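Position in the sequence shown (from 1) plus 1 gives the number in this note's numbering. The beta carbon of each residue, even a glycine, is placed where N, CA and C say it ideally should be. All values derive from a computational prediction rather than experimental measurement.
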Amino acid sequence: MAFAHAVVQFVAEEVGAEVLHIKGPAVELEAEAMRGRGYGNRGSVDADVLVRPSHVQRLERALAMHGWTVLYEFEDGSPFEHAATLARQGLANADLHRYFPGVEGDPEKAFERLWASRRTVVLAGRDVCVPSIPAQRMILILHAARGRSTAHLAEVREAWLELSPADQLAIDDLARDVDARVALAAGTGRLDTVKSARSHDLWLALSEGEASQARLWRARVRAAPSRKSAMRTGLRLLLPKRQRLAVALGRPPTTWDMVRAFGGQIGRGTRALARDLGLDRGRRA
2 MAFAHAVVQF VAEEVGAEVL HIKGPAVELE AEAMRGRGYG NRGSVDADVL
52 VRPSHVQRLE RALAMHGWTV LYEFEDGSPF EHAATLARQG LANADLHRYF
102 PGVEGDPEKA FERLWASRRT VVLAGRDVCV PSIPAQRMIL ILHAARGRST
152 AHLAEVREAW LELSPADQLA IDDLARDVDA RVALAAGTGR LDTVKSARSH
202 DLWLALSEGE ASQARLWRAR VRAAPSRKSA MRTGLRLLLP KRQRLAVALG
252 RPPTTWDMVR AFGGQIGRGT RALARDLGLD RGRRA
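See the structure below:
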């Protein structure tokens with residue numbers, strides 16, 4: 002994986018794209034505790050790179066010229082649509098992040114804040130840029146907050162409590178600057194301090210390992226910053242992801258495949274919503 006990081010760095014330098022290497026082998030010793038003690042069995046299998054948003058297309062084109070192919074575009078990835086996955090034979094896949102989930106501020110400004118305090122480490126014999134130690138810790142906490150392992154999150158929260166007040170304050174200050182306070186609160190067990198935030202319910206659901214897709218759908222729609230964004234989010238979450246469907250089918254999906262997949266998702270969503278409403282009525286009874 003370190004070699005994939007080094008290759009992406011080489012290509013980025015070739016075209017003047019600014020990138021920060023995150024997670025995996027890019028995490029320095031001072032931030033290791035934020036992985037959680039059981040990280041070894043849950044580690045990232047891709048080379049994760051945070052790209053200055055205005056440089057994403059430039060880097061994607063350059064990687065394509067060096068033999069990389071897109072497995073999943075941003076829209077085909079997680080519901081946050083934050084990363085595209087690229088592959089090249091003989092190397093680990095690369096996840097190009099245009100922002101990091103939990104960072105709700107302007108992506109370009111957030112990147113600039115992280116870039117201004119960057120550090121340099123060596124991966125596979127090549128100098129690469131990584132975020133500052135507080136930023137590395139923050140990113141690992143945000144990642145744990147949206148993970149499906151509550152045991153992992155508990156370990157990360159323990160590591161947070163073991164930090165000095167000064168180290169905690171440095172992370173809090175950074176989270177304020179990039180508007181990641183809610184996700185950080187979820188990762189550190191302090192969600193009660195941000196109850197009025199629009200994304201509170203989403204990060205509560207994610208950090209508690211909510212399994213109901215209907216509840217997650219509602220929480221994501223509520224977390225949207227505007228009515229227009231909420232409508233787009235609600236619709237995007239219902240539409241089938243074309244590239245993932247292609248992988249499942251082993252061929253490009255036809256229009257009928259997409260219609261059938263959409264109908265299936267609507268059906269599953271309706272049943273899940275009915276179950277949730279039934280449970281809610283039961284709790285109120």
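Cβ neighbours of residue i in the same chain (closer than 8 Å, five flanking residues each side left out)
| i | result |
| --- | --- |
| threonine 70 | Leu87, Ala88 and Arg89 |
| glutamate 109 | Arg53, Pro54 and Ser55 |
CA-to-CA distance, residue j to residue i, given in whole angstroms
| i | j | result |
| --- | --- | --- |
| alanine 125 | histidine 6 | 8 Å |
| arginine 177 | alanine 65 | 36 Å |
| leucine 164 | arginine 245 | 40 Å |
| threonine 255 | asparagine 94 | 27 Å |
| arginine 221 | leucine 203 | 6 Å |
| arginine 199 | leucine 97 | 27 Å |
| alanine 212 | glutamate 15 | 43 Å |
| glycine 210 | arginine 149 | 5 Å |
| alanine 27 | valine 131 | 7 Å |
| glutamate 201 | leucine 217 | First, the residue type needs correcting, since residue 201 is histidine and not glutamate in the sequence shown. The alpha-carbon atoms of histidine 201 and leucine 217 are separated by roughly 12 Å. |
Exposed unless 16 or more other CB atoms sit within 10 angstroms - verdict on residue i
| i | result |
| --- | --- |
| alanine 145 | buried |
| asparagine 42 | Any reading at asparagine 42 must be qualified, since the residue scores a pLDDT of 42, below 50, and its modelled position is unreliable; the value itself is stated next. Its Cβ having fewer than 16 others within 10 Å, asparagine 42 is exposed. |
| glutamine 10 | buried |
| glycine 188 | buried |
Extent of the continuous alpha helix (DSSP H) to which residue i belongs
| i | result |
| --- | --- |
| aspartate 128 | Here aspartate 128 belongs to no alpha helix (DSSP H); instead the beta strand (DSSP E) covers 127-131. |
| histidine 98 | Per DSSP, histidine 98 belongs to no alpha helix (DSSP H); it is in the beta strand (DSSP E), 95-98. |
| threonine 151 | 151-163 |
| leucine 175 | 166-178 |
| threonine 234 | 228-239 |
Close Cβ partners of residue i (< 6 Å) along its chain, the five nearest in sequence each way excluded
| i | result |
| --- | --- |
| glycine 78 | Ala84 |
Reference residue i, options the options, closest by Cα
| i | options | result |
| --- | --- | --- |
| valine 50 | Leu240, Ala18 and Ala212 | Ala18 |
| serine 208 | Trp161, Lys196 and Thr151 | Thr151 |
| leucine 141 | Cys130, Ala160 and Arg99 | Ala160 |
Sequence-distant residues of the same chain with beta carbon closer than 7 Å to residue i, five excluded per side
| i | result |
| --- | --- |
| phenylalanine 194 | Phenylalanine is not the amino acid found at residue 194; the sequence shown has threonine there. If we look at threonine 194 and ignore the five residues flanking it on each side, its Cβ neighbours are Ala186. |
| alanine 231 | Val222 and Ala225 |
| glutamate 82 | Phe75 and Glu76 |
| tryptophan 257 | none |
First and last residue of the uninterrupted beta strand (DSSP E) at residue i
| i | result |
| --- | --- |
| histidine 22 | 20-23 |
| aspartate 202 | Per DSSP, aspartate 202 belongs to no beta strand (DSSP E); it is in the alpha helix (DSSP H), 201-208. |
| alanine 88 | 84-88 |
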